[in-house]
Structure formats: structure tokens, C-alpha cells
Amino acid sequence: MLGNGIIKGLAETARNFFGSYVDKERLTTVQFPEERLPQIEGTRDFPFLVYDGDDWEKGLRCVSCHICEKECPPKCIFIEKSKDKKPDAVGKLQFYPVRFDIDVSVCMSCQICVEVCPFDAIKMDVEFELSSDDRFGGLLHHKDKLAKSNEYYHKIHPTEAAAVDAALAEDREKEKEKQKQAAAAAAAAAAAKAAAAANPPPAAETNTDASSKEETK
Amino acid sequence: MSPLSGYLLLSALLFSIGLSGALTRRNAILVLIGIELMLNAANLNFIAFWRYGPHPEMLTGVMFVIFSIGIAAAEAAVGLSIIVAVYRHFRTTDLDKINFLKG
Amino acid sequence: MTLSFLLLAAIAILGAAAAMNLKNAVHCVLALTLGMAGLAALYLQLGAQFVGLTQLLVYVGAVAILAVFAIMLTRSRTGETVAHGSASSRISGALTALLVFAVLAWAIFTGISPQQLSGAQPEASVREVGVALMQRFVLPLEIIGVLLTAALIGAGVLAIEEKGGDR
Amino acid sequence: MPEMIDQIFVLLKHWIMGYVPSGLQPLCSAILSVLPVLVVFPLLFAITTVLERKGLGRMQNRYGPNRAGPWGILQPVADGVKSLTKEDVVPRSADQLVHLMAPILIVIASFLVYSVVPVGRNMVVADLNAGVLFFFAIGSMVELAVFMAGWSSRSKYSLLGAMRAIAQMISYEMPMVLSGVVAIMAAGSLSTVTIVNMQAGYTGIWPHWYLFTPWGITGYILFMIAATAESNRCPFDMPEGESEIIAGYFIEYSGFKFALFFVAEYLGMMASSAMAITLFLGGWAAPFSFLTWIPSWFWFFAKLILMLMVFIWIRGTLPRLRMDQLMNFGWKFMLPLSLINILSAGLWHYLPSGFTRWSVISLLLLLSCFLLSRSLRRNKWFQERTYRFAS
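Protein chains in written order, with my numbering: chain Y, 1 to 217; chain H, 1001 to 1103; chain U, 2001 to 2167; chain Z, 3001 to 3391.
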């Protein structure tokens, strides 16, 4: 007979209708601005810039190498490279971005900039409430808005941040080894060349030690 | 001028408009529309004569119009399906180009 | 010659004239619908309620839609629908129509004597129409029924697409 | 006293008319009759939209709108403000005049049909001799408006949507009229007022509604299915199927014109429900003889809201049909069954009243319904579907 399935379906929707008034468990939605579901760790939407230490201007990991700018498919990144070099968080002299803008209205959250960055300077954020009254300016994020501390990165993506820090520390360790070897070689050469001159202690080495300790704590 | 002649004049005008359309248009559908218009002008005459003529209680004019509307509907249905069939054959509804029997 | 008559007559003439003169075939059908609606309103004004509403139902609801469907199914490949014939055929057609109108108008103005006309508004209730259909006009009704059935079948047969046709 | 409350609006109108100079009385009377229709039904439309959204939400275990005002009851106001302030975009290639006329025509047609609906005792705008015919005649204007909207937009989606809508409306108009014919046969009149008056009597406590006869309930169900299809509601909303033709014939409309289409859709739904109530559910008549002290207009609107809730319930339950299923259902099930229904209503008139009449007519209708649904199913069940354009 035609219509059995219709009656069954109608009964089901009626059960849902009345059930949702009786049983709060049935309601699967949350009332968003007041109630929020906990974010899962893999959440990611727009990129931000990581800095080490306390001062965001000094500690930016970005060396304005323009790789992310070139790789960005919708071309939403704009970088202006500095003329001079400043010491970074490690103390090494580096170029730094004078301007680093991301147009969030253009960004498509593809994460390619994160993947190509050799310095682990750009990472994905979880902030999504970015709406603004200003249609063009409000969505063009400058360096100051993009810079977020490494602690923040640890907070939003703990596993990933720990892995990044470990890799960075390992790199620095290697570099330290290399520098040590280089220094040793240089010292040996120097010793061989001029035995009279005394070996000065390499200042950069101690600095690296201090900052890497600070980072991992 | 009596009210009846007003209606009759209107009907005559509609008939002439329909006739001119049926004679001058080349699209078969529009020719059919012109013929419908002429039919309707005649219907208006029937209703006007029923309203102002003798013996309205016999409802002759009304009945005539009801049947006429029925026939017009049938005519429109058959006519339009003929046009669709012709279109399928000739790929056009232009009456000047459908001249197979002209010799 | 009341105001309502003039208004409705203007609508009917406007619709009819537009239907016969516009370029686009769909516009023509829409204008025809306007004219038919005006005619239906004239029937209502004359007291023939059933006929007026039937006119509306048949012409606005059925014939206009049928014509529109036919236009959609027969759109010429070159794009817009064809307009008018050649200038000579237009002029001769318009002259013929004008001549017919002149003859009709002459007949109307000379033929009617106002004494024969009745002024009272006659009644054509649905019940009376129905009784008349079932008693005096039962044979025409049957014939119309047969005709409509034949038209239905015929239209279907004509419009149906043969299997393996040239499509 | 109950009579007074029942007739309160009629008395109010007469009271106002007493202050109007006699020259203006026809005009004033018309305005006083039309104005309530223009106020009450859009208001009911607003209530329906919020009811629908909340009801659908609950059927899907959501809350539905609950932000604008307490429990979201001001949502229609917010929607109205939004649609009024939105930009009105007209496509450059659109047929400007026809594009403008379509929403106006559809709203006029949707409002006109209410003029023959009796919303209470002595409460009808125009008691036409051929009221039901007027309803269907004006209802057919909607098809033309839909075509105008779809064609004038010059968009293939809207044209497809319009063609679907017209094909569907024409196919289901016939079962709608034919299933309404049984009530007209029983009442012996095309006037809506007479039809309701014929149903207003009681046997014991039970009313004389046509719903409580075998042909009445069949006609009612057929009428409601056809009305759902006529108003393009789920499960017959192919004309505006979002997933395949985006929004059908009104895709190129925005702002207030879009809102007019929206209003017209709901007004059409309410008009069909009102006509179903008039034809089968006794119009303004109370459901039991001991409830007649409640005013008649209350009963009409209570029934109307109940019907609208059924519409919402069905929308929340059934998925969209396919076009061929829709056509098969309309032509191979609805149309034959409504014809058989007319036959059975005629038989009912001539059979002696009593148990025999009931059983014979019920059996006839059930059997034909069963056979028709079997024949509908037979060819469709194991048939392999062919996709003409997707190979």
C-alpha cells in the first residue's frame, strides 16, 4: 500500500519534535557565542608569526626570506625586507621584516606558507573571529597583529610546538657543534699559525646556549 | 450611442486587430494567437447580445460562449501541437518558409 | 458608456494591439493574456460571472501557458523570434483589417434600433447555467466533451516524439 | 452574548459605516472588507515563518531561531527589515518590465484568492456565485507569474525552474480541481458561503463536515497533496530545488522582490489550506456542537494554523521527489483516483444511507487506491535507470 513509509517518517519526525523539548540530550547543537565546544588540537585557520622571548619586535623568527610570499597561492602575503641586520632572539645578526602583512580576506588557509618556511617562523592560528567594520583595512593584518609568542603557540598546538622546539634545539645543537668544531679548527689553525697569541672565548657560543635554554624551559 | 453598440464596436475593433495580426505575422504561433483573438471578439458579441437583447433568461448567449471557449481551448491545443510537429520537421515556425506544397 | 467599460475596453484593446505588434513572441503572448483578462473582466461587468471566470481559467491558465510552451519548444535556432512579414503584406493586411472594421462599424451604427434593447440586468447564476447545460444544451455538451477528448488525444499524438526520430 | 462576540467584526464594520456619508459608503465598505485581509494574512505569514523555522529545527533536534526577541518571535521582523534594506539587483540582460511585473502579479493573485474565503459567519469579502471557480481561476494566474519570473531573468536556471514549476502546477491543478468537485457536488453550489453553510449542521455532537465521508476524506487527502504541489512545498519543491537549479524561477531576484515571492508562496499555501478547510473541514464551523459558543472566526484560524503545521511537519519529514516520480504520481495515481472519487460521491448520493453505503463506497475507494498504487509501483521497482546525459 502506498504511504506506509510516509507514515513511518512522520512518526519519526514527531518523535524528534516532542523529544527535543523533553530530553535535552537530543539537542546536538550548542548556543555559540555563550557556549563553545572545546577546540580539537588540529584546528587551524590563518597564519601568524612566532616570536621567541618577550619582545615581539626583537624575537621574530622571520628573516624575511620571501619564500612564503612567493609560494602563497592567492598572494595574500606582503613582505618588505629590512636594509640593515639586527640580532635575533639567538643573537645572530639577521635581516628582519620591516613590513609583514597578510590579507586575511584573501588567505585561503592552505598552510603552504607554514610548510615552506625554513625557519619555523610562520604557523597556523586558531583565531577565527576576525570580522571587522573596516572592509579593507580591518582584514589586512600587520606585523604587530600577526606576531604571537611561542608560549601562545605551545598553548594552541602543544604537540606540534614541542616537536618544532625540539627540532630547533637540535639544529642549534648541531650548529653549536659545528661552530665548536670550526672554532676548534680555527683555534688549532691559529695555534699552529701563531702560538704566541692567546685563544679568545667565542662569545656567540655562550649566547646560543643561554637562549636555547630559555626556549626549552 | 447605446451601451450595446459600445460593446459591439469594441468587439469589431478586437476582431480587426486579430485579423490584421493573423494576416501579417509570420510566426505560426502568433497567427494562432490572432485567430484566438478573433474568436474572443465574437464571444464578446454573444455576451453583449445576451445582456441587452431579448430573452436573456434563455441563456443562449452564455451557453454559446461556454461552448466557444471549449472549442477555442481544443483548437489551441491541437493547433499548437501541430505547430510543434511542423517545427520538428522544418526546424522553423516561419510560415513563409513552410511552403512545401507550393510547387 | 460607463467609466469601467471604457477602462476595461482600453485594457482589452491595448493588450490585443500589443499582442499583434510586439517583436518578441513571449511578449505577444503576455500581452494577449492581458487582453483576455480585460475581456474576462468585461464579461464579469456584463453579469456573466461563470463565463468570465471560465475565460480567465482557460485563457490565462491554459492557453497562454500552452502558447508559451510552444514558443519555448520551437525557438528558432538563429535566436529571436521572427517579427513581421514584408512591408507589402503588412500594408495589405492592415488595409484588409481596416476595411473589415469599417464594414462592421457601419453595420453596428445602422443596424441597431435602441427600442429592442432590454435594460434590466439578467441573471446568469451558476445554477441556471448548470440546469441549462443539463437540459436544453445537453447534446452540445456531449459533443463538446467528445471534441475535447478527441483534441486531447490528437494533440498528444501530434506532439509525441517518435522513437528514433530526428532528434 | 456569544453571538455578539461571533459577529463582533461585522458589527464593528456596520458601526463604522454609520459614520460614513452615504456617497462614500460602497467605497468605504470595500476598504473595510479588504483591509483586514491585507493585514491578517501577512501577519499569519509572519507567524508561519517563525513557526516553520522553529518546528523544523525541533524536528532536526536543533533550537531554531531564538535570538531576535524572546524565543526568537521577532525573527520575521528582522527578516523583513533585512529584505527591505537589501540591494535590488536586476540582471542587465533581464527583460526589465516583465521582471518587475512578475512579483507584483504573483502577490496580487495570492491576495485575490482570499476574497472568496469565508473566515467566519458572515465574514467574507465577496460572496461570489462561482466562488470556487474564482479561486481556481485566480490560482492559475500564479503559473503565468512564475513563467514571467523565470523567463524574464534570462538565466537558464530560472527558466528551467519556471518550466518545472509550470509543468508541475498544470499536472496537479487538475487533481486539485477534481478532488474539490466532490464537495461542490454535495453542496450543489459553487459559492463558498453556501458550501460552508451546508456543513455547519450537527447530528448529535458530530458535525456534518464532508471530511467524515469516505469520498470526503479521499478528496481531502488528494486536495492537500495537490495543494502541496501547487504551492511548491516539500516534497514537491523541484521548481526551486536548491541542489540542482539553485532556487528555481526566482534565483535572479533579490531584496524586496524576492521577499514578495516568498510571501506569495506562503500566501498560496495558506489559501490552499483555507480552501481545503472551506470545502472539507466545514469552514468556520465548530468541530463539536457543544463548542459553538466559541466564535466562528476562531475556529477558522485554528483550523488554518493546524493545517499549516501539517504542512511544516510534512516538509520536515519527506525528501524531494524526482521529476518523473512526480509526474507519474500526478497523472497515474492522483488523477484516476480523483475521478473515481467523483464517481463514488455520485454513488453515495443515490445509495440508501446506512452501513451499506459506507462499506460499499469505502471498499471501492480503498480497492482503487490499492490497485493504482500497485500499478504505479510495478514498472518502477526493478527498472534499471538510464542516464541520458551522463554517460
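Note that CB positions come from ideal geometry on N, CA and C, so glycine has one too.
Per the coordinates, the alpha-carbon of residue 1061/H lies some 14 Å from the alpha-carbon of residue 2130/U. Counting along the chain, the unbroken beta strand (DSSP E) around residue 99/Y starts and ends at 97-103.
Judged by DSSP in its simplified three-state form, residue 2135/U adopts coil rather than helix or strand. Boundaries of the alpha helix (DSSP H) around residue 3196/Z: 3192-3199. Scanning chain Y for C-beta atoms nearer than 8 Å to the C-beta of residue 3318/Z yields 6 and 9, reported in chain order. Contact with chain Z is found for residue 2065/U, since one of that chain's Cβ atoms lies less than 8 Å from the residue's Cβ. The shortest C-alpha to C-alpha distance from residue 1038/H to any of 1064/H, 1100/H, 1027/H and 1011/H is the one to 1011/H. Here residue 3365/Z is buried, its C-beta having at least 16 other C-beta atoms within 10 Å. Three or more Cβ pairs drawn from the region 3090-3105 of chain Z and the region 3145-3156 of chain Z lie within less than 8 Å of each other, which places the two stretches in contact. Proximity of chain Z to residue 2047/U at the Cβ level (cut-off 7 Å) is not reached, the minimal Cβ distance being about 10 Å. A distance below 6 Å between beta-carbons, with the five flanking residues on each side excluded, links residue 3279/Z to the following residues of its chain, in chain order: 3180 and 3183. Around the C-beta of residue 127/Y, fewer than 16 other C-beta atoms lie within 10 Å, and the residue is accordingly described as exposed. Bounds of any beta strand (DSSP E) do not take in residue 40/Y, whose DSSP letter is neither H nor E. In the pairwise beta carbon analysis, the region 3057-3073 of chain Z is classified as not touching the region 3223-3232 of chain Z: fewer than three pairs are separated by under 8 Å. Per the coordinates, the alpha-carbon of residue 154/Y lies some 8 Å from the alpha-carbon of residue 160/Y. Contact annotation for residue 2053/U against chain Z: 3130, 3133, 3134 and 3137 [CB-CB distance below 7 Å, chain order]. The shortest CA-to-CA distance from residue 3256/Z to any of 3008/Z, 3084/Z, 3373/Z and 3192/Z is the one to 3084/Z. Annotation: the continuous alpha helix (DSSP H) that includes residue 2014/U extends over 2003-2021.
Within 10 angstroms of the beta-carbon of residue 3025/Z lie fewer than 16 other beta-carbons, which makes it exposed. DSSP places residue 3167/Z within a helical segment (H, G or I) once states are collapsed to three. Comparing alpha-carbon positions, the option among 3092/Z, 3086/Z, 3051/Z and 3087/Z lying closest to residue 3075/Z turns out to be 3051/Z. Between the beta-carbon of residue 116/Y and that of residue 47/Y there is about 11 Å, and that puts the pair past the 8 Å contact cut. Counting only runs of 4 or more residues that sit fully inside the region 3319-3362 of chain Z, the alpha helix (DSSP H) segments are 3323-3329 and 3335-3350, in chain order. Contacts with chain Z (Cβ-Cβ distance below 9 Å) from the region 13-31 of chain Y involve 13, 14, 16, 17, 18, 19, 20, 21, 26, 27, 28, 29 and 31, listed in chain order. The beta carbons of residue 3037/Z and residue 3111/Z sit about 7 Å from each other, so the pair counts as a contact at 8 Å. Along the region 25-93 of chain Y, the alpha helix (DSSP H) occurs as fully enclosed runs of 4 or more residues at 56-59 and 67-71, listed in sequence order.
Judged by pairs of C-beta atoms under 8 Å, the region 51-69 of chain Y does not touch the region 31-39 of chain Y, as fewer than three such pairs exist. Residues of the same chain with a CB within less than 6 Å of the CB of residue 44/Y, apart from the 5 flanking positions on each side, are 124 in chain order.
From the beta-carbon of residue 3140/Z, the residues of chain U found nearer than 7 Å are 2057, 2060 and 2061. Between residue 2008/U and residue 2045/U, the CB-CB gap stays under 8 Å. By the criterion of at least three beta-carbon pairs nearer than 8 Å, the region 3318-3335 of chain Z is not in contact with the region 3149-3161 of chain Z.
Rounded to the nearest angstrom, the Cβ distance from residue 3330/Z to residue 3152/Z is 27 Å, too far for a contact under 8 Å. The residues 1045 and 1048, in chain order, have a CB closer than 8 Å to that of residue 1008/H in the same chain once the five nearest residues on each side in sequence are set aside. Look at residue 147/Y here: in three-state DSSP terms it is strand. The residue among 2087/U, 2138/U and 2013/U with its C-alpha nearest the C-alpha of residue 2038/U is 2013/U.
When only Cα atoms are considered, residue 3316/Z and residue 3252/Z end up about 27 Å apart.
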